[in-house]
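Enquirer: Let me give you the structure first, and then I'll get to my questions.
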Amino acid sequence: MSQESHPTTPEGAPHPEPFQPKIVAFVCNWCTYAGADLAGTSRLKMAANTRLIRLPCTGRIDPLFITKAFEQGADGVIVSGCHPADCHYATGNLHARRRFAVYRELMAFLGIDLRRLVFSWVSASEGRKWADLVNETVRELNALGPRNAYPAVDREGDQ
Amino acid sequence: MSEHAPSSPEKDTPAPLWISDDDLRGLVDDCLRAQRQVIAPMLEKGAARARPLYAPLATAEALRLQVDDPLPSQSLRRHFQPPSQALFRWTFEKPAPTEDQPPENPLGKVALQPATPAFPPTVILGARPCDAAALEIVDQVMREDRRDESWFSRRAATVILTRGCTWSDASCFCTSLGLGPDAPQGSDLLLLPAQGGHVVRVLTAKGQAFVADHAPRFAAPLPDHRRREAEAALAALRQDLENKPLSDAVDHLRQGLGGAFSAAIWDEVALRCHGCGVCAALCPTCYCFDIVEEPHGPKEGVRRMKWDTCQDPIFTLHGSGHNPRPNQSSRYRQRVLHKFSVYPNRFGQVLCTGCGRCVRACPAGMDLAEILLQVDGALDHAAKKS
Amino acid sequence: MKEIREVASALLSGGQVDWVLGYEEDAKGLVKPAFITDPAQAARLIFDPRCVHNLAVYLLPGRRHVRALGRGALVVKACDARAVAGLLREHQLQRDELVLIGVRCGGVRQDPGPDAVLNEESVAARCALCPERTPQRVDHLVGPELPPPPAGNRDLLREIAELEALTSEARFAFWSKHFSRCVRCHACRQVCPLCNCTRCIADKSQPQFIEAAPHLRGNLAWNITRALHLAGRCVGCGECERACPVDIPLALINAKLSHFMHERYAHEASEDPEQPSPIGDFRSDDDQEFIR
Numbered sequence: 345m346s347q348e349s350h351p352t353t354p355e356g357a358p359h360p361e362p363f364q365p366k367i368v369a370f371v372c373n374w375c376t377y378a379g380a381d382l383a384g385t386s387r388l389k390m391a392a393n394t395r396l397i398r399l400p401c402t403g404r405i406d407p408l409f410i411t412k413a414f415e416q417g418a419d420g421v422i423v424s425g426c427h428p429a430d431c432h433y434a435t436g437n438l439h440a441r442r443r444f445a446v447y448r449e450l451m452a453f454l455g456i457d458l459r460r461l462v463f464s465w466v467s468a469s470e471g472r473k474w475a476d477l478v479n480e481t482v483r484e485l486n487a488l489g490p491r492n493a494y495p496a497v498d499r500e501g502d503q
Numbered sequence: 004m005s006e007h008a009p010s011s012p013e014k015d016t017p018a019p020l021w022i023s024d025d026d027l028r029g030l031v032d033d034c035l036r037a038q039r040q041v042i043a044p045m046l047e048k049g050a051a052r053a054r055p056l057y058a059p060l061a062t063a064e065a066l067r068l069q070v071d072d073p074l075p076s077q078s079l080r081r082h083f084q085p086p087s088q089a090l091f092r093w094t095f096e097k098p099a100p101t102e103d104q105p106p107e108n109p110l111g112k113v114a115l116q117p118a119t120p121a122f123p124p125t126v127i128l129g130a131r132p133c134d135a136a137a138l139e140i141v142d143q144v145m146r147e148d149r150r151d152e153s154w155f156s157r158r159a160a161t162v163i164l165t166r167g168c169t170w171s172d173a174s175c176f177c178t179s180l181g182l183g184p185d186a187p188q189g190s191d192l193l194l195l196p197a198q199g200g201h202v203v204r205v206l207t208a209k210g211q212a213f214v215a216d217h218a219p220r221f222a223a224p225l226p227d228h229r230r231r232e233a234e235a236a237l238a239a240l241r242q243d244l245e246n247k248p249l250s251d252a253v254d255h256l257r258q259g260l261g262g263a264f265s266a267a268i269w270d271e272v273a274l275r276c277h278g279c280g281v282c283a284a285l286c287p288t289c290y291c292f293d294i295v296e297e298p299h300g301p302k303e304g305v306r307r308m309k310w311d312t313c314q315d316p317i318f319t320l321h322g323s324g325h326n327p328r329p330n331q332s333s334r335y336r337q338r339v340l341h342k343f344s345v346y347p348n349r350f351g352q353v354l355c356t357g358c359g360r361c362v363r364a365c366p367a368g369m370d371l372a373e374i375l376l377q378v379d380g381a382l383d384h385a386a387k388k389s
Numbered sequence: 009m010k011e012i013r014e015v016a017s018a019l020l021s022g023g024q025v026d027w028v029l030g031y032e033e034d035a036k037g038l039v040k041p042a043f044i045t046d047p048a049q050a051a052r053l054i055f056d057p058r059c060v061h062n063l064a065v066y067l068l069p070g071r072r073h074v075r076a077l078g079r080g081a082l083v084v085k086a087c088d089a090r091a092v093a094g095l096l097r098e099h100q101l102q103r104d105e106l107v108l109i110g111v112r113c114g115g116v117r118q119d120p121g122p123d124a125v126l127n128e129e130s131v132a133a134r135c136a137l138c139p140e141r142t143p144q145r146v147d148h149l150v151g152p153e154l155p156p157p158p159a160g161n162r163d164l165l166r167e168i169a170e171l172e173a174l175t176s177e178a179r180f181a182f183w184s185k186h187f188s189r190c191v192r193c194h195a196c197r198q199v200c201p202l203c204n205c206t207r208c209i210a211d212k213s214q215p216q217f218i219e220a221a222p223h224l225r226g227n228l229a230w231n232i233t234r235a236l237h238l239a240g241r242c243v244g245c246g247e248c249e250r251a252c253p254v255d256i257p258l259a260l261i262n263a264k265l266s267h268f269m270h271e272r273y274a275h276e277a278s279e280d281p282e283q284p285s286p287i288g289d290f291r292s293d294d295d296q297e298f299i300r
């Protein structure tokens, strides 16, 4: 239906543009968001592909948010929060840990490529870890290519 | 665009024809080559059991001519009213910068782009008479007030060849509704199975034109003993299906006798009902739908029509939170009375063809025929007699 | 089933309950749920391999017309009793609101009749996964000890393993093919005793988290969400798959997640209402290999 247009070389062969994955990152306010901020203030070199969504705690993350992110066009999703035992609300991330494990298992069973769904614990002081995580994820998604299987939002209204 | 007119088999009935099984497969081949979609009953491999459904044929070889195949589990509804259908897409067009007045809406003007569904020419081959008859019944509500162009475009693009039934089971009750194993309603050509082929009854002008288009396939003379064989089988089947108490119950409800609405029987009848909507999902005569909006951000979106069912608890839920049908008892009553009282009152036909899918598929064992008898039994008998 | 009838009749005539919900067969030999309010009618109650329905669903608070009948007794197989335990665990019911008549089970068919024979062709696939066929924590326990069900032609765990052996693309193609057919009737939800939210998230439009129209995208969101909400709570009664009008193999998804909960968190659906719900619970040493 809708084709991505590539600039072509004179011979007519398509010249692929570097693919920029769209990544949605659900992060907790107290740890990962602060860690990401630290990465920024430390001027660490970081790919700019992530759109951060700040939540009070990973325990607030309803897996439906992740599903919606894929639905709305994310090529990859990062979910990150405080390390266990460091949660600002004591046990939020412990509840989340089980929820994420089940969600991941379900998505894998339904055929979603788990390389597109990344979970991590990044604390407020781990700016370097955040930057590395983002860069690593962008590299992996670059290799994987744009998400193709998950049905995209139907902007043409055909369906 | 010509409407699908109700069939009138009495005037100018052409003589019946014959088509051999080979010619029937050849007919499918002809249609496929002419880029005509052919939809027929298929058996798909399922997890627990084979799944019978109406599906497009990829080749003529795929046509099934068995006479004991189960009824396709879904009706033909989805081919005329898709479960999900885009109506239009909206976008906001940014206003051109101008020195005059500021734009009415900072987002811009709304532009609507109507969806452009395709209506490929289609032949439905081997539809059950109950499923074809349903289409004609639903035609009436589809042309009331505002003509549903999507429905009638699909109707116009489709030729329907029904196949007479060769078996019935305990859940069928078409004859109690004035239909039967060879009912002509909704059909353009009726094929009656016999040894080696089918007797063909031409029922409409559209059917006649179809025969003319494929004349060589229908050219073989009709063997008289085959015709008698087919008709004898039909007569036996009709006798099996006869159910006078049920026909009477349908009549009473249709005439609105005995105070069906206020009867207490519904509370008892609906106890088992889960409100799951499987009956509506499979029903050939259900047509209720909902309209939903799918915004993609603030600037664009799609409006769609989707199937809905009165059995869903939120079907009549108001924005205020009030629900005039707050329990399954009122919802189930609505289903039955809409089909057997309200619709016939308005359009002269009962909104049911007795296909029995609701009975076979209901996870709670709600048996519509039994329930009609049960309700009829509970009605005010004096009022019924008047 | 003489014992069930005797117990039911005694409960009704003794005034301990206003209704008994069990199984009966109709004139066609199909078994269906039976609401008995008159002790003399208790003779209608039967129990055999056609009794596939999970009657616990009728106890949900939303079934107002059932609640209005008064205090009730429920005939339960072990799986149904586990569903009741789930409802008690989540405070949807009080234990003293109902009487449980447990029936020892030898497996049920895929369909409620009219044939009553139980063999490898007719047995429900889910019975092979049943951990305990004698209902626990019931008020009355009836029925003879029955041999285990025959091994069925359909092996859910093998089907799950076969799917998992495919590439994720092939798996996605498999599920997309099925979910494209979903018409969002929500029968899977309506027949499930554990789907008991007063307002289902799929019915909420402000915001509309789950698209309502039955296209693949909306259907994925619905089926993913429902499967997830049932993880650790599903008792494997198979009613969702039996009810589905378009034959989506829902049992595979629910069985897969139940299996995962068992392997990863040593959880199994139990009849103990005090057992914590696995998603609501956690341990400090829960696996986190997948978290970077």
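Keeping their order, the protein sequence lines are chains A, B and C.
Going by this note's numbering, the first sequence opens with residue 345, and the numbers climb by one from there.
Going by this note's numbering, the second sequence opens with residue 4, and the numbers climb by one from there.
Going by this note's numbering, the third sequence opens with residue 9, and the numbers climb by one from there.
All C-beta atoms in this analysis are idealised placements derived from N, C-alpha and C, irrespective of residue type, glycine included.
These numbers come from a predicted model, not from an experiment.
To the nearest whole angstrom, what separates the beta carbons of L225 of chain B and G167 of chain B, a pair I think is in contact under 8 Å?
Expert: If you number the second sequence from 1, residue 225 of chain B lands on position 222. If you number the second sequence from 1, residue 167 of chain B lands on position 164. Contact flag wrong, Cβ pair sits at about 15 Å.
Enquirer: Which residues in the same chain as R230 of chain B place their Cβ atom closer than 7 Å to its Cβ, once the five residues preceding and following it in sequence are excluded?
Expert: On the second sequence, position 227 is the one that residue 230 of chain B refers to. P19 and V202, listed in sequence order.
Enquirer: Along the stretch 189 to 208 of chain C, what residues have a CB closer than 9 Å to any CB found in chain A?
Expert: Under the 9 Å Cβ criterion, the stretch 189 to 208 of chain C contributes no residue.
Enquirer: Is D211 of chain C close to chain E, meaning its C-beta is less than 7 Å from at least one C-beta of that chain?
Expert: The structure shown contains no chain E; the protein chains it does contain are A, B and C.
Enquirer: What is the DSSP secondary structure of P354 of chain A, counted as helix, strand or coil?
Expert: Here residue 354 of chain A is taken as the residue at index 10 of the first sequence, counted from 1. Annotation note: pLDDT 42 at P354 of chain A (below 50); position unreliable, no value reported.
Enquirer: Which residue wins for smallest C-alpha separation from D293 of chain B, given the options B:T119, B:R241 and B:Q84?
Expert: Here residue 293 of chain B refers to the residue found at position 290 of the second sequence. For D293 of chain B, the nearest C-alpha among the options comes from B:Q84.
Enquirer: Pop quiz: S469 of chain A and L382 of chain A are said to be a contact at Cβ under 8 Å. What is the actual Cβ separation, rounded to whole angstroms?
Expert: One-based indexing of the first sequence puts residue 469 of chain A at position 125. One-based indexing of the first sequence puts residue 382 of chain A at position 38. Confirmed, about 7 Å.
Enquirer: Going by alpha carbons, who is nearest to W230 of chain C out of C:E276, C:C193 and C:A86?
Expert: On the third sequence, residue 230 of chain C is found 222 positions in, with the first residue counted as 1. When only C-alpha atoms are compared, the closest one is C:C193.
Enquirer: Report back the beta-carbon spacing between I218 of chain C and G226 of chain C to the nearest angstrom; my notes put them in contact at under 8 Å.
Expert: Working through the third sequence from its first residue, we reach residue 218 of chain C at position 210. Working through the third sequence from its first residue, we reach residue 226 of chain C at position 218. Confirmed, Cβ separation roughly 7 Å.
Enquirer: In whole angstroms, what separates the C-alpha of R472 of chain A from that of L388 of chain A?
Expert: Counted from its first residue, the first sequence places residue 472 of chain A at position 128. Counted from its first residue, the first sequence places residue 388 of chain A at position 44. C-alpha separation (whole angstroms): 7 Å.
Enquirer: Going by other Cβ atoms of all chains shown within 10 Å of its Cβ, with 16 needed for buried, is P201 of chain C buried or exposed?
Expert: As a first step, residue 201 of chain C must be located in the third sequence, where it is residue number 193. So P201 of chain C counts as buried.
Enquirer: Starting from D294 of chain C, find everything on chain A with Cβ-Cβ shorter than 9 Å and list it in chain order.
Expert: Residue mapping note: residue 294 of chain C aligns to position 286 of the third sequence, counting from 1. Going along chain A in sequence order, the residues near D294 of chain C (Cβ under 9 Å) are P428, L438, R441, R442 and A445.
Enquirer: Hey, does M4 of chain B have any beta-carbon neighbour from chain C nearer than 7 Å?
Expert: Within the second sequence, residue 4 of chain B is the residue found at index 1, counting from 1. In this prediction, M4 of chain B has a pLDDT of 38, which is less than 50 and means its spatial position is unreliable; nothing more can be read from the coordinates.
Enquirer: Report back the beta-carbon spacing between F176 of chain B and A372 of chain B to the nearest angstrom; my notes put them in contact at under 8 Å.
Expert: Counting from 1 along the second sequence, the entry for residue 176 of chain B is found at position 173. Counting from 1 along the second sequence, the entry for residue 372 of chain B is found at position 369. Right, the Cβ-Cβ distance comes to about 5 Å (below 8 Å), so this counts as a contact.
Enquirer: Does W310 of chain B come within less than 7 Å of chain C when only Cβ atoms are used?
Expert: The residue you call residue 310 of chain B lines up with position 307 of the second sequence. Chain C, which has a Cβ nearer than 7 Å to the Cβ of W310 of chain B, makes this yes.
Enquirer: Output yes if chain C places a C-beta closer than 7 Å to the C-beta of H228 of chain B; else output no.
Expert: The residue given as residue 228 of chain B occupies position 225 in the second sequence. Not closer than 7 Å to any Cβ of chain C, the Cβ of H228 of chain B fails to qualify, so no.
Enquirer: Locate the beta strand (DSSP E) running through E368 of chain A, then write down its first and last residues.
Expert: For the purposes of this step, residue 368 of chain A is taken as residue 24 along the first sequence, with counting starting at 1. One point to set straight first is that residue 368 of chain A is Val, not Glu, in the sequence displayed. Where V368 of chain A is concerned, the enclosing beta strand (DSSP E) stretches over I367 to C372.
Enquirer: Which chain C residues are close to S179 of chain B, counting only those with a beta carbon under 9 Å from its beta carbon?
Expert: Against the second sequence, residue 179 of chain B aligns to sequence position 176. Correct list: empty, because the minimum Cβ distance to chain C is about 16 Å.
Enquirer: Straight-line CA distance for P196 of chain B to E167 of chain C?
Expert: For the purposes of this step, residue 196 of chain B is taken as the residue at position 193 of the second sequence. For the purposes of this step, residue 167 of chain C is taken as the residue at position 159 of the third sequence. Approximately 39 Å, taken between the alpha carbons.
Enquirer: Sort out for me which residues DSSP pairs W21 of chain B with in a bridge.
Expert: Here residue 21 of chain B refers to the residue found at position 18 of the second sequence. DSSP output for W21 of chain B lists B:V202 as bridge partner(s).
Enquirer: With a CB to CB cut of under 7 Å and the five nearest residues on each side skipped, what residues in its chain are close to E249 of chain C?
Expert: As a position in the third sequence, residue 249 of chain C is number 241, starting the count at 1. Taken in chain order, the residues that qualify are P257, L258 and A259.
Enquirer: Could you please tell me which residues of the stretch 468 to 488 of chain A, in chain order, have their CB closer than 9 Å to any CB of chain C?
Expert: So the list reads K473, L477 and E480, given in the order they occur along the chain.
Enquirer: Provide the residue span of the alpha helix (DSSP H) that contains M45 of chain B, from first to last.
Expert: Working through the second sequence from its first residue, we reach residue 45 of chain B at position 42. Premise fails: M45 of chain B lies in the beta strand (DSSP E), Q40 to E47, not in any alpha helix (DSSP H).
Enquirer: Alpha helix (DSSP H) containing R163 of chain B: first to last residue?
Expert: On the second sequence, position 160 is the one that residue 163 of chain B refers to. The question names Arg, but residue 163 of chain B is Ile in the sequence shown. Segment T161 to R166 is the beta strand (DSSP E) holding I163 of chain B; no alpha helix (DSSP H) there.
Enquirer: With 8 Å as the C-beta to C-beta threshold (strictly closer), list the residues of the stretch 82 to 96 of chain B near chain C in chain order.
Expert: Here the close residues are P86 and S87.
Enquirer: Can you give the beta carbon distance from L382 of chain B to L274 of chain B, rounded, assuming they're within the 8 Å contact cut?
Expert: For the purposes of this step, residue 382 of chain B is taken as the residue at position 379 of the second sequence. For the purposes of this step, residue 274 of chain B is taken as the residue at position 271 of the second sequence. The pair is not a contact, with the Cβ atoms about 19 Å apart (cut-off 8 Å).
Enquirer: Name the chain A residues whose beta carbon is nearer than 8 Å to that of K85 of chain C?
Expert: Locating residue 85 of chain C in the third sequence gives position 77, where the first residue counts as 1. By Cβ distance, chain A contributes nothing, its closest Cβ being about 27 Å from K85 of chain C, past 8 Å.
Enquirer: Taking buried to mean at least 16 other C-beta atoms within 10 Å of its own C-beta, is N262 of chain C buried or exposed?
Expert: As a first step, residue 262 of chain C must be located in the third sequence, where it is residue number 254. Buried, because 16 or more other Cβ atoms sit within 10 Å of the Cβ of N262 of chain C.
Enquirer: Using beta carbons (cut-off 7 Å, strictly below), is L461 of chain A in contact with chain C?
Expert: In the first sequence, residue 461 of chain A corresponds to position 117, counting from 1. False, the Cβ-Cβ gap to chain C never drops below 7 Å.
Enquirer: By the criterion of Cβ-Cβ separation under 7 Å, what are the contact partners of F43 of chain C in chain B?
Expert: Here residue 43 of chain C corresponds to residue number 35 of the third sequence, with the count starting at 1. Under the 7 Å cutoff, chain B gives L274.
Enquirer: Kindly give me the distance between the Cβ atoms of L249 of chain B and P184 of chain B, rounded to whole angstroms, as I take these residues to be in contact under 8 Å.
Expert: As a position in the second sequence, residue 249 of chain B is number 246, starting the count at 1. As a position in the second sequence, residue 184 of chain B is number 181, starting the count at 1. Going by Cβ atoms, the distance from L249 of chain B to P184 of chain B rounds to 16 Å, so no, they are not a contact pair.
Enquirer: With 7 Å as the threshold, decide whether the Cβ of G368 of chain B is near any Cβ in chain C.
Expert: Looking up residue 368 of chain B in the second sequence gives position 365. True, the Cβ-Cβ gap to chain C drops below 7 Å.
Enquirer: What do you reckon, are the CB atoms on C279 of chain B and V243 of chain C nearer than 7 Å?
Expert: By one-based count along the second sequence, residue 279 of chain B stands at place 276. By one-based count along the third sequence, residue 243 of chain C stands at place 235. Cβ atoms of C279 of chain B and V243 of chain C: not closer than 7 Å.
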